[in-house]
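Trainee: Quick note, the working numbering runs 225 ahead of the 1-based positions in the sequence shown. A virtual CB, placed ideally from N, CA and C, is assigned to each residue, including glycine.
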Amino acid sequence: MSFFQDPPKLGNQYHDDRVIQSVVRRHVPADGLATVEEELASMGALAGDELYRAQLADRQNEPLLVQWDPWGNRVDRIELTAVWKRAAQLAAERGVVATAYEGRLGEASRIHQFALAYLFDPSTDTYTCPLAMTDGAARTLLEHDDRVLAERAVPHLTHRDPAQAWTSGQWMTERTGGSDVGLTETRAEPMESGAYGVSGAHRLYGTKWFTSAATSQMALTLARPVGEPPGGRGLTLFYLETVRDDGSANGIAVNRLKDKLGTRKLPTAELTLHGAVAVPVAGLGHGIRNITPMLNVTRTWNAVSSVAILRRGVALAADYAVRRHQFGTALHDKPLHADTLAGVQAELEGATLMAFRVVALLGRHEAGTATDQDRQLLRVLTPIAKLLTAKQAVAGLSEILECFGGAGYVEDTGLPRLLRDAQVLPIWEGTTNVLSLDMLRALGRQLDLGPIERELQRLQAPQAAVRAFEAARAWLVDVAGRDRGAMEAGARRLALTLGRSLQLALLADHARWCEARLSDPRPGVAAARFSAAGVSCLASVPAWDEARATWIPGSAAD
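1) Which ranges does the alpha helix (DSSP H) cover as unbroken runs of at least 4 residues, wholly within the stretch 339 to 407, from first to last along the chain?
2) Among LEU460, ARG604, GLY621, PHE463, which has the Cα closest to the Cα of LEU587?
3) Could you tell me the boundaries of the beta strand (DSSP E) in which PRO450 lies?
4) Under DSSP, the alpha helix (DSSP H) around ASN658 begins and ends at which residues?
5) Entirely within the stretch 618 to 645 and at least 4 residues each: give me those alpha helix (DSSP H) ranges in chain order.
6) Classify ASN515 as helix, strand or coil using the three-state DSSP reduction.
7) Rounded to a whole number of angstroms, what is the C-alpha to C-alpha distance between ASP673 and LYS559?
8) So is ARG364 buried or exposed if we call it buried at 16+ other beta carbons inside 10 Å?
9) Report yes or no: do the stretch 569 to 587 and the stretch 334 to 347 share at least 3 C-beta pairs separated by less than 8 angstroms?
10) Measuring straight from C-alpha to C-alpha, what distance separates ASP484 and ALA307?
11) Quick check on LEU731: does DSSP put it in helix, strand or coil?
12) For the beta strand (DSSP E) containing LYS310, name the first residue and the last one.
13) Under 9 angstroms between the Cβ atoms of VAL406 and LEU460?
14) Report the partner residues of GLN551 according to the DSSP bridge assignment.
15) Please state the DSSP three-state secondary structure of ALA420.
16) Would you identify the three-state DSSP class for ALA507, choosing helix, strand or coil?
17) What whole-angstrom Cβ distance do LEU356 and THR392 have, given they're in contact under 8 angstroms?
18) Please name the residue, chosen from ALA542, LEU613, SER404, that lies closest to SER530 on a Cα-to-Cα basis.
19) Out of ASP564, LEU290, ALA615, state which residue places its alpha-carbon closest to the alpha-carbon of VAL750.
20) Considering TRP700, what are the terminal residues of the alpha helix (DSSP H) in which it resides?
21) For THR411, count the other beta carbons within 10 Å of its own beta carbon; 16 or more makes it buried, fewer makes it exposed. Which is it?
22) Give the straight-line distance between the Cα atoms of TRP396 and ILE303, rounded to the nearest whole angstrom.
23) For the alpha helix (DSSP H) containing GLU262, name the first residue and the last one.
24) Give me the Cβ distance between ALA580 and ALA528, rounded to the nearest whole Å; I'm assuming they're in contact under 8 angstroms.
25) Tell me the residue span of the beta strand (DSSP E) that contains GLN246.
26) Does DSSP put ILE303 in a helix, in a strand, or in coil?
27) Excluding five sequence neighbours on each side, which residues of the same chain lie with their C-beta closer than 8 angstroms to the C-beta of ALA610?
28) What is the DSSP secondary structure of THR497, counted as helix, strand or coil?
29) Here's a check: name, in chain order, each residue in its chain whose Cβ is nearer than 6 angstroms to the Cβ of LEU556, leaving out the five neighbours to either side.
30) Going by beta carbon distance, what residues of the same chain come within less than 7 angstroms of TRP769, once the five residues before and after it are set aside?
31) What did DSSP end up calling HIS427 once you bin it into helix, strand or coil?
32) Compute the Euclidean distance between the alpha carbons of SER437 and PHE755, then round it to the nearest angstrom.
33) Comparing alpha-carbon positions, which option in ASP242, PHE229, SER227 lies nearest LEU535?
34) Helix, strand or coil for ASN298 per DSSP?
35) According to DSSP, what are the bridge partners of VAL468?
36) Hey, how far is the Cα of LEU408 from the Cα of GLU414?
Take a look at the structure:
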């Protein structure tokens with residue numbers, strides 16, 4: 226009889242994941258734990274069964290832009306995939322955004338919400354992208370105390386009824402700048418009348434080159450009011466709704482959908498604004514500063530999405546290791562295969578604990594229970610967590626695909642999508658280099674590593690983490706006073722080193738908790754494996770200006 230390999234299967238993605246269970250049990254108050262775990266188990270069942278099967282069945286479908294109707298009218302309608310339509314319904318009903326704003330668990334409400342998102346993300350074809358921007362928009366309107374706009378939009382952004390729920394776009398990127406939004410060319414011309422219940426309406430004109438979730442009901446975007454100076458100083462953050470009251474488009478044309486490496490189910494578009502009606506958020510000017518609440522939230526979503534998609538790969542590889550037999554035994558029993566998966570698992574655990582440490586700090590900040598030290602740590606840790614977890618996801622999923630051999634390279638197994646979709650994570654919401662420089666800014670002019678040092682002390686960090694941190698501080702002190710270029714060139718290695726030292730400290734701390742509360746020794750094994758893989762990324766390298774000569778084009782004679 227011919228052999229056919231049994232494919233990997235998924236079970237309940239909450240019940241099968243000891244790491245997220247331990248995080249939830251550690252942070253959620255005892256009187257709410259049973260209800261939260263019931264919700265997470267229900268989401269875990271959906272993620273491992275119905276949604277996963279639907280995702281595989283819908284693999285070849287992608288969103289479609291219909292620009293014209295049969296009679297020649299411009300309609301710019303985007304037709305979504307079946308999984309995205311189902312995901313929109315479930316996200317609202319299950320409160321994947323709303324849970325954070327209902328606040329049933331106080332500061333732990335963010336843990337509850339992001340645990341739902343963590344389970345929901347890998348089976349819904351990146352539907353968490355519009356959810357992240359929706360969450361960011363709601364938080365931005367609330368933090369700026371923009372009462373009229375908040376009362377108009379936030380109830381929709383956080384609604385559990387799919388018929389009432391909105392998502393929000395985040396339209397920042399233009400052809401000019403990428404992360405340098407100070408080069409924004411979109412102009413805002415004042416109107417005599419108001420809009421959306423407030424005065425100061427403008428019409429926006431320009432092109433947004435990369436707008437994810439182009440089917441959202443509203444968006445926050447940057448534009449330069451007429452007469453304002455160039456650069457970031459002259460920008461304003463604007464609120465707009467994509468459809469007018471009569472159902473027509475609000476001066477928005479969809480030029481095309483992007484043909485991307487991954488996240489292909491996500492309708493990312495190029496848009497032209499030709500008189501879109503919008504109103505300022507938090508007044509004119511200070512646009513870049515005013516998007517900060519949004520970026521803090523969306524970068525946290527990025528970190529949680531990174532660990533979620535890596536966890537999906539590990540879950541599939543672990544199941545496959547039992548089902549796949551080679552040379553007389555299951556892969557599960559092959560020492561080298563087991564060692565490889567253990568290494569990925571250790572990185573996953575460190576990344577998960579870091580992502581949810583940011584989530585916990587965000588929850589405290591929003592609940593009003595954060596200390597000054599909590600807020601300082603949140604500002605520094607958010608860019609570090611985003612950049613490091615994204616890198617770990619891409620590297621880990623590359624290993625995961627290799628664990629499947631040739632099947633990991635074949636599209637209809639559904640496995641290559643994991644790596645292609647993960648590659649957006651180091652890019653979206655700021656590349657690794659941009660986030661590294663943001664970390665330097667978060668440290669302030671004094672380059673104060675105090676927030677990280679205090680966190681290592683709180684966690685009783687192991688010596689390997691302390692040594693890596695001290696080496697990073699010595700390096701920073703050495704280069705800060707003598708070579709600004711060297712400090713910028715080493716910012717990525719500094720961020721990775723600080724991040725890995727924190728992840729090791731979090732692993733060791735969590736291992737002690739799991740051993741004491743759950744009698745589970747496995748987190749301690751993961752911590753030891755993570756430490757053995759190395760913490761510091763600041764090994765001596767040639768000066769940046771000398772190293773540049775290695776990649777600048779030129780002949781051998783040059």
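Mentor: With the structure as the only source:
1) 353 to 368, 372 to 382
2) ARG604
3) 443 to 450
4) 657 to 668
5) none
6) helix
7) 47 angstroms
8) buried
9) yes
10) 19 angstroms
11) helix
12) LYS310 -> not in any beta strand (DSSP E); alpha helix (DSSP H) instead, spanning 307 to 318.
13) yes
14) THR554
15) strand
16) coil
17) 7 angstroms
18) LEU613
19) ASP564
20) 688 to 705
21) buried
22) 17 angstroms
23) 255 to 273
24) 4 angstroms
25) Here GLN246 belongs to no beta strand (DSSP E); instead the alpha helix (DSSP H) covers 243 to 252.
26) strand
27) ARG524, THR525, ALA528, MET579, ALA580, ARG582, VAL583, GLY724
28) strand
29) ALA546, ARG549, HIS562
30) GLY710, ALA711, ALA714
31) strand
32) 35 angstroms
33) ASP242
34) coil
35) ALA474
36) 18 angstroms
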